[in-house]
Amino acid sequence: QVQMVESGGGLVHPGGSLRLSCAASGSTFSAMGWYRQAPGKERQLVAAMASGKTTYLDSVKGRFTISRDSAKNMLYLEMNSLRPEDTAVYYCNAGYYSGSRYVPSGVWGQGTQVTVSS
Numbered sequence: 006q007v008q009m010v011e012s013g014g015g016l017v018h019p020g021g022s023l024r025l026s027c028a029a030s031g032s033t034f035s036a037m038g039w040y041r042q043a044p045g046k047e048r049q050l051v052a053a054m055a056s057g058k059t060t061y062l063d064s065v066k067g068r069f070t071i072s073r074d075s076a077k078n079m080l081y082l083e084m085n086s087l088r089p090e091d092t093a094v095y096y097c098n099a100g101y102y103s104g105s106r107y108v109p110s111g112v113w114g115q116g117t118q119v120t121v122s123s
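Here this note's numbering = 1-based position in the sequence shown + 5.
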């Protein structure tokens with residue numbers, strides 16, 4: 006059974022930092038990504054990566070960094086210079102790339118809440 010378990014969310018002031026972690030189990034994946042969903046909004050891709058490929062949402066470029074430890078089947082999202090608009094539930098996903106586009110699978114974690122507020 007494939008499982009994704011996120012951790013690392015919390016409450017942070019604007020300009021602060023958080024590091025999200027995702028522990029994947031049950032399989033190995035060619036690509037993985039982070040999505041987020043704010044109240045009343047659609048889930049959006051924040052960052053994804055595969056061997057030789059990375060993708061970032063424009064609004065997080067230069068602030069967020071996705072990384073992966075394949076040996077441990079872990080995925081990370083380092084988030085710096087956080088803004089109130091980054092507030093959302095963040096989800097880990099396993100998927101694949103079709104050309105330059107990340108395609109999510111139906112494998113999702115339970116999500117971790119990130120709240121950026123003063």
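Even glycine gets a Cβ: it sits at the ideal position worked out from N, Cα and C.
Just so you know, these numbers come straight off a predicted model, no measurement behind them.
**OP:** Please specify which runs of the beta strand (DSSP E), each continuous and at least 3 residues long, are wholly inside the region 92-116, giving them in chain order.
**Re:** 93-103 and 106-113
**OP:** Less than 8 Å between the CB atoms is what I'm expecting for A93 and V112, so what's the real figure, rounded?
**Re:** Locating residue 93 in the sequence shown gives position 88, counting from the first residue. Locating residue 112 in the sequence shown gives position 107, counting from the first residue. About 19 Å separates the two Cβ atoms, so there is no contact after all.
**OP:** Look up D74 in the DSSP assignment and give the residues it is bridged to.
**Re:** Here residue 74 refers to the residue found at position 69 when the sequence shown is read from its first residue. DSSP lists M79 as partners of D74.
Original post:
Are the region 101-110 and the region 37-50 in contact at 8 Å, needing three or more beta carbon pairs?
Top reply: yes
Original post:
Between A28, S35, S56 and Q8, which lies nearest to Y101 when the distance is taken from Cα to Cα?
Top reply: Mapped onto the sequence shown, residue 101 falls at position 96. That would be S35, whose Cα lies nearest to the Cα of Y101.
Original post:
For G21, which residues of its own chain have a beta-carbon under 6 Å away from its beta-carbon, when the five flanking residues on both sides are left out?
Top reply: As a first step, residue 21 must be located in the sequence shown, where it is residue number 16. Once the five neighbours on either side are set aside, the close Cβ partners of G21 are L87.
**OP:** Can you have a look at G15 and say buried or exposed, based on whether 16 or more other CB atoms are within 10 angstroms of its CB?
**Re:** Taking the first residue of the sequence shown as 1, we reach residue 15 at position 10. Flag for G15 reads exposed.
Original post:
Which residue from N85, P89 and G31 puts its Cα closest to that of K77?
Top reply: By 1-based counting over the sequence shown, the position of residue 77 is 72. Comparing Cα-Cα distances from K77 to each of N85, P89 and G31, the minimum goes to G31.
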